[in-house]
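Okay, so here's the structure we're looking at.
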Amino acid sequence: MNKTNDQLTDWIRKGMQPIGPVSVRAMGEGQAVYLENVFFALVKDGRIWFYADEESDLAFDAAGSEWMEGSHQQQYFRSAPDAAYEDAKDLRKWAKQGMAAGRRTKFK
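Residues are numbered in our numbering as their position in the sequence shown, beginning at 1, plus a constant of 7.
In structure tokens, the structure reads:
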């Protein structure tokens, strides 16, 4: 991968265009990514992390996604599968998982 956080947020913006405009806000050492005012991803340390919950865990597990270190039961993130870095369709697939988890938890 070896991409900067800014390169990754640009990739997310472009890849998510068919769904809608993405906004990015600074968050600690990373960048929080929103669509329709729903926080669905975090870009940190050159990686994309999607917001996750119990309902999305099985899909992330099946894709081999890692847990973000320090994530806990009420609020956590899973690593984007490799395909999400190369194919916009895959990016949108996983972003939709993050959006659904974000809506369920209403985390903003």
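Built from N, CA and C at the ideal position, the CB exists for glycine as well. Note that the coordinates shown come from a computational prediction; the quantities given were computed from them, not determined experimentally.
Determine whether the beta carbon atoms of residue i and residue j lie at a separation below 8 Å.
{"i": "Arg32", "j": "Trp56", "result": "no"}
{"i": "Ala107", "j": "Ala48", "result": "no"}
{"i": "Ser63", "j": "Pro88", "result": "no"}
{"i": "Tyr58", "j": "Gly109", "result": "yes"}
{"i": "Gly37", "j": "Lys10", "result": "no"}
{"i": "Thr16", "j": "Val40", "result": "yes"}
Answer with buried or exposed for residue i, where buried requires no fewer than 16 other C-beta atoms within 10 angstroms of its C-beta.
{"i": "Gln14", "result": "exposed"}
{"i": "Ala91", "result": "buried"}
{"i": "Gln104", "result": "buried"}
{"i": "Met34", "result": "exposed"}
{"i": "Lys115", "result": "In this prediction, Lys115 has a pLDDT of 49, which is less than 50 and means its spatial position is unreliable; what the coordinates show is noted afterwards. Per the 10 Å Cβ criterion, exposed."}
If you measure from the CB of residue i, is any heavy atom of the ligand GTP nearer than 7 Å?
{"i": "Lys10", "result": "The ligand GTP is not part of this structure, which contains no ligands at all."}
Could you tell me the alpha carbon to alpha carbon distance between residue i and residue j, rounded to whole angstroms?
{"i": "Glu93", "j": "Arg99", "result": "11 Å"}
{"i": "Gln24", "j": "Lys51", "result": "21 Å"}
{"i": "Val29", "j": "Gly77", "result": "26 Å"}
{"i": "Leu42", "j": "Lys96", "result": "16 Å"}
{"i": "Tyr83", "j": "Arg111", "result": "13 Å"}
{"i": "Asn12", "j": "Asp60", "result": "24 Å"}
Consider the Cβ of residue i: report whether some Cβ of chain B lies at a distance smaller than 8 Å.
{"i": "Tyr83", "result": "Absent here is chain B; the protein component of the structure consists of one chain."}
**OP:** Give a yes or no on contact between the stretch 61 to 77 and the stretch 15 to 33, applying the rule of three or more CB pairs nearer than 8 Å.
**Re:** no
Subject >> beta strand (DSSP E) runs contained entirely in the stretch 44 to 105, provided each spans 3 or more residues >> reply: 45 to 51, 54 to 59, 83 to 86
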